[in-house]
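In the order they appear, the protein sequences are chains A and B. Here the first sequence stands for residues 1 to 487, numbered as in the working numbering. Here the second sequence stands for residues 1 to 495, numbered as in the working numbering. Notes follow the structure.
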Amino acid sequence: MPIGLTLIWLLPVVGGVAVALLPPHFAKWLSVLVAGMTLALAALVAYAFNPLDHGYQFTEQVSWIPQLHADYFLGVDYISVWLVVLNALIGLIAVLATPAGGGPRTGRFLGLLLLMEGGMAGVFLSVDLLLFYVFWEAMLIPAYFMLWLWGEGERPLFASLKFVLYTLAGSLLMLVGIIGVFFFTGARSFNLPDIAAHQASPDIQFGLFFLFAIAFVVKVPVFPFHGWLRDAYVAAPTPMLLAFSGVMVKAGAYAMLRILIPLFHNPSLWWNWNQVMPWLAVAGIFWGALMALAQTDLKALVAYSSLSHMGFIVLGIFSFNQLGQQGAIVQMVNHGLIVPALFLLVAWLVDRTGTRDRSAFFGLAPRMPVLAGVFLVVALAALGLPGLNSFVGEFMILLGAWSYSPVLAVLACSGLVLAPIYMLRLFQGAMYAPASGEDLPHGHAGHALAAPHNDLSAAQLALLAPLVALMFVIGLYPFLLTHLMSP
Amino acid sequence: MILAAAVNYSWAQAQGDLAQVSPFLVVTITLLVAIIVDLLLPAAARALAVAGIAVAGFVGAIAAALLLHAAGGHAAYSGFATGDDFAVFFDVFFAVLGILTVLVTHPYLARRGFLAPEFYVLLLAATAGMMVMSSATSLVTVFLGLELLSISLYVMTGYARRDTRSQEAGAKYLLIGGFASAFVLYGMALIYGATGSTVLSVIAKVAGSNTGSNLLLLGILLMGVGFAFKVSAAPFQMWTPDVYEGAPVAVTAFMSVGTKAAAVAIILRVFLQGLPGLSTDWGAFLAFVAAASMVVGNLAAIVQISLKRLLAYSGIAQAGYILVGLLGAHPAGQDSVLFYLVAYLFMNFGAFAVLILLAGPAADSDRFEDLDGLGRRNPALAVVMTVFMLSLAGFPPTAGFIGKFFLFSAAVAGGYTWLVVLAVLMSVVSVYYYFRVIVHIWSPGPVEPRVPVGLGPRVAIAVSVAFVIVLGILPSLVLGLAHLGAAPIALAAGR
């Protein structure tokens, strides 16, 4: 039996435990090694992936709890393969972005980071619903500890507990849903293909859809279940935030595509859930963009922009056609590249100026031309400029949404208009001096001046290079992703 | 009739019957040996020697139970007791609990200054009582075991002689426990009146599915109330926090797992084996008790400032989860209950073991603040305690998660979906207070003094944490054993 997929999640988990236990001296190098090996393995899987085969590939199946017909069942298909690679890539970047030194504390942080990466890989690899749930919950524990013990701001404990309770309220209901799928669909199995073959009646689907969807909409998050988002993102330490915003929230969208769509075609009793979701998605696109406009805190701004972009992904998933759903997958990868890049840039800006307040700094471009240039590329990618990656995904999603409901597509489009406003306003405000005649913000001039010549270092640029390069590659050659999905 | 049977009771028969209760017999003989050794040895060596004898006795009981299983246990004493796999399962369970208790208790007793061999004698007596309960197949033997267990526990609760809170807890437990016993006894009397027998198999035949008998229903209700007292389920849980708080923490650790498991064993035995036809009646009662326990236990735990009281309320909530599974389908429900008890043994006892280690010479460490800085002082202990809390909260990949999953899936299969939804929502509440413990463990606090961890506690905690994790990842083996153990009950209930 091949064990490639097992290694993709087991390697970071074992490595994470080792990193936390071994002397802190080795921590950084060992975790880079582990994350690098995981990435190599994931890339190998993607390389060997057969685009013509639409089932699960590289499957590993062993009986796990025979009494309940639960299997240890791993596999990748065209939905998960890119997310597995993305997870490994962001995992490596997050490890590299963790400052070395700091003694045992750093070692423990790196260990938790790797544990979280392993948990997320497990979520994307599981084909068995119970196994999926185990990984889904397990990845929460390292996230909680990192948010709390390494969190920024005044009340990381509050933010982490809020995040955990929000997420758990959803995911424990999913546990009931998983039990319900086992008994009420007649599948008597946790195996996803088996369950998909047993379609329950619409009223049962209605109940089960609700139980599952609650977990996923909290995780993504979909408007109006985003209460944890701002606090958690603002509190999250940067390396963890990369994996958190870049990959973990994708797990929610991935689960919608993996579980809700194939298992519950027609969840209707009093109403049809399938018709509710796209409207929530569009509401999220709007709400996220409007809230991003109103933020002065840089991290919060990016957090709300992320809410808006995740709305597009959910819209694509619930447009119920291939184009929209392919767009959603492409966009999951895109967003997973853009948001970590944005958060990294924000973190470096904050390092250099000592504040997260948007209005406090300006005129940085002449002093930090490289940072400004990279920031521009990432900002343009985020707002969906053609030629960069996000455009491809959003365009596909909007096409898909149009054929589902033109009204929704139009509404989502106008949400797209807001993205350039907050993104470019952020970029211009931070990088260039106010136009002549405008008053300098009083008392803030010191921040910009306090940062004379510390542009991005080569190491920092190297950290961003793969992300930016992939933004161009996917933007110019989207076939790289989509050829795996075309029938 | 019984007299006539006694007259014709041959030696061969006696041997056969004794063999069926051999684990109980081993523990009882050990108890007697311990008392004699206690008298013979010089004072300095007594406690350690008796502790060793107790462990040897528990190991012997496990061996006897396994032999019994290999030989195939069956009914004995004219249907008053049995050596079936259900009894064997619980005998091993209680013996393991006894061993773990001795391992962590010895240094604790020495530190607190009440190291005395009596403690182990009482422990043996309580365990013997629990073993009687698990192998009882008649209301009389059930009561016999219940009282043997309870009386030993009353004394153990008041064991800290100079501590008024321990004394208060002992007195309170005695009074309320006596009250509960009276309920049980009255219920049993009514059932005897309605069916003309105390032997469960006879009751099952006579009662059948005769739901019309008010006498029988009242008996079930009274007995149910008494059992709910023992399992510390709401609304009969009032004694639990006070007794848990007052008793020396080592006694609390033993009691929290032991009484719960023993009470669950007799609920399974009496209700499922003795009254299977009336499952809708006692099912409604147990469903109410389960729902009340989960709500009361979880909500009350939020506001506690004492760790022991927190674990007491958590125990009440856990009793609720167990009852949810108990109502589940046959045989998955019974399997899941037995599995969960094993998980509960290791995670709950493990958590208490850490508290036992933290106890100071003057008093138990009972406040959240006592945990502050544990992550610095004893990182290993802190990690382990975190694992136990995560398991109690039901996080994968721990035994607590998979155990809850089995309980809940059995209950859904049994048609109690509403109860499962309630259980799940209450589990979210529980995460809040279990995480409060974790928060204090990893909060900054005094770096000194490191808590010394002796060999015994080290072994007990290592075993517990290993089981908590291994059971969470590979549950099928123990689930298979639970299935084996629950088979006699499920068979009788399904008939």
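Cβ atoms here follow ideal geometry from the backbone N, Cα and C, with glycine treated the same way.
(request) Check each residue of the stretch 178-193 of chain A: if its Cβ is closer than 9 Å to any Cβ of chain B, include it; give the result in chain order. (result) Ile178, Ile179, Gly180, Phe182, Phe183 and Phe184
(message) On a Cα-Cα basis, can you pick out the residue from Val202/B, Ala263/B and Thr280/B that is closest to isoleucine 322/B?
(response) Ala263/B
(request) Report, in whole angstroms, the separation of the C-beta atoms of valine 84/A and valine 45/A, which I expect to be a contact under 8 Å. (result) Yes, they are in contact, since the Cβ atoms of valine 84/A and valine 45/A sit about 7 Å apart, within 8 Å.
(request) Give a yes or no on whether the C-beta atoms belonging to leucine 399/A and leucine 481/A are separated by under 7 Å. (result) no
(request) Can you say whether histidine 483/B is buried or exposed, counting buried as having 16 or more other CB atoms within 10 angstroms of its CB? (result) buried
(request) Answer yes if the stretch 80-92 of chain B comes into contact with the stretch 37-57 of chain B, meaning at least three C-beta pairs across the two stretches below 8 Å, and no otherwise. (result) no
(request) Count the other CB atoms, across all protein chains shown, that sit within 10 Å of the CB of aspartate 53/A; report buried if there are 16 or more and exposed otherwise. (result) exposed
(request) Look at the Cβ atom of valine 377/A, then the Cβ atom of valine 468/A, and state whether they are nearer than 7 Å. (result) yes
(message) I need the straight-line Cα distance from glutamine 15/B to phenylalanine 183/A, nearest angstrom please.
(response) Distance between the alpha carbons of glutamine 15/B and phenylalanine 183/A: 48 Å.
(message) Tell me the rounded alpha-carbon separation between glycine 446/A and proline 241/B.
(response) Unreliable placement is indicated for glycine 446/A, whose pLDDT of 44 sits below 50; the coordinate value is still reported in the next sentence. Their backbone Cα atoms lie some 59 Å apart in a straight line.
(message) Runs of 3 residues minimum, wholly inside the stretch 34-104 of chain A: which ones carry the beta strand (DSSP E) assignment?
(response) 57-65 and 70-76
(request) Rank Ser171/A, Gln325/A and Pro278/A by C-alpha distance to the C-alpha of tryptophan 136/A and give the top, closest one. (result) The shortest C-alpha separation from tryptophan 136/A is found at Ser171/A.
(message) I'd like to know whether the C-beta atoms of alanine 20/A and arginine 108/A end up nearer to each other than 7 Å.
(response) With a cutoff of 7 Å on beta-carbon distance, alanine 20/A and arginine 108/A are scored as near each other.
(request) Under the assumption that glycine 496/B contacts glutamine 20/B (Cβ atoms under 8 Å), give the Cβ distance between them as a whole number of angstroms. (result) With chain B represented from 1 up to 495, any question about residue 496/B goes unanswered, as that position is not in the structure.
(request) Taking C-beta pairs closer than 9 Å, name the residues in chain B that valine 14/A reaches, listed in chain order. (result) The contacting residues do not exist; valine 14/A stays about 13 Å from chain B at best.
(message) Using DSSP's beta-bridge definition, name the partner residues of arginine 367/B.
(response) Ser306/B
(message) Under 9 Å, CB to CB, which of the residues in the stretch 43-66 of chain A have a partner in chain B?
(response) Ser63, Trp64, Ile65 and Pro66
(request) State yes or no: is the beta carbon of alanine 20/A nearer than 7 Å to at least one beta carbon in chain B? (result) no
(request) Would you mind sorting tyrosine 477/A into buried or exposed? The rule is 16 or more other CB atoms within 10 Å of its CB. (result) exposed
(request) Please confirm whether alanine 138/A and proline 397/B have their CB atoms less than 7 Å apart. (result) Alanine 138/A is a Cβ neighbour of proline 397/B, given a cutoff of 7 Å.
(request) Determine which residues share a DSSP beta bridge with valine 199/B and list them. (result) Ser138/B
(message) Between the alpha carbons of isoleucine 35/B and glycine 57/B, how many angstroms are there, rounded?
(response) 13 Å
(request) Find the nearest neighbour of tyrosine 47/A within the set Ala379/A, Gly4/A, Leu11/A and Phe206/A, judged by alpha-carbon distance. (result) Gly4/A
(request) Taking glutamate 137/A as the query, report the chain B residues whose CB atoms sit under 8 Å from its CB, ordered along the chain. (result) Among the residues of chain B, those whose CB is under 8 Å from the CB of glutamate 137/A are Phe395, Pro396 and Phe401, following chain order.
(message) Does threonine 82/B come out as helix, strand or coil in the three-state DSSP assignment?
(response) Here threonine 82/B sits in strand by DSSP.
(message) Any C-beta of chain A within less than 8 Å: which residues of the stretch 430-463 of chain B qualify?
(response) Against chain A - using a Cβ distance shorter than 8 Å - the residues of the stretch 430-463 of chain B are Val431, Tyr432, Phe435, Val439 and Trp442.
(request) Have a look at Gly111/A, Leu208/A and Pro237/A and flag the residue whose alpha-carbon is nearest the alpha-carbon of leucine 269/A. (result) Leu208/A
(request) Please compile the residues from chain A whose C-beta is within a distance smaller than 8 Å of the C-beta of proline 475/B. (result) Annotation: Cβ neighbours of proline 475/B in chain A (cutoff 8 Å, chain order): Ile65.
(message) Can you look up serine 171/A in the DSSP assignment and give me helix, strand or coil?
(response) helix
(request) Could you spell out where the alpha helix (DSSP H) holding alanine 61/B opens and where it closes? (result) 43-71
(request) Please report how far the alpha carbon of alanine 232/A lies from the alpha carbon of alanine 343/B, in whole angstroms. (result) 33 Å
(request) Output yes if chain A places a C-beta closer than 7 Å to the C-beta of alanine 413/B; else output no. (result) yes
(request) Return the chain-ordered list of same chain residues with a C-beta closer than 6 Å to the C-beta of glycine 178/B, the five sequence neighbours on each side being excluded. (result) none
(message) Is alanine 300/A close to the ligand FMN? I mean its beta-carbon at under 6 Å from any heavy atom of the ligand.
(response) The model on display carries no ligand, and the ligand FMN is accordingly not part of it.
(request) Measure from the C-beta of valine 84/A to each C-beta in chain B and report whether the shortest distance is under 7 Å. (result) no
(request) Under 8 Å Cβ to Cβ from isoleucine 8/A, same chain only, skipping five residues before and after it: list those, please. (result) Excluding positions up to five away in sequence, the list reads Thr38, Leu41, Ala42, Val45, Val84, Ala88, Ala121 and Leu125.
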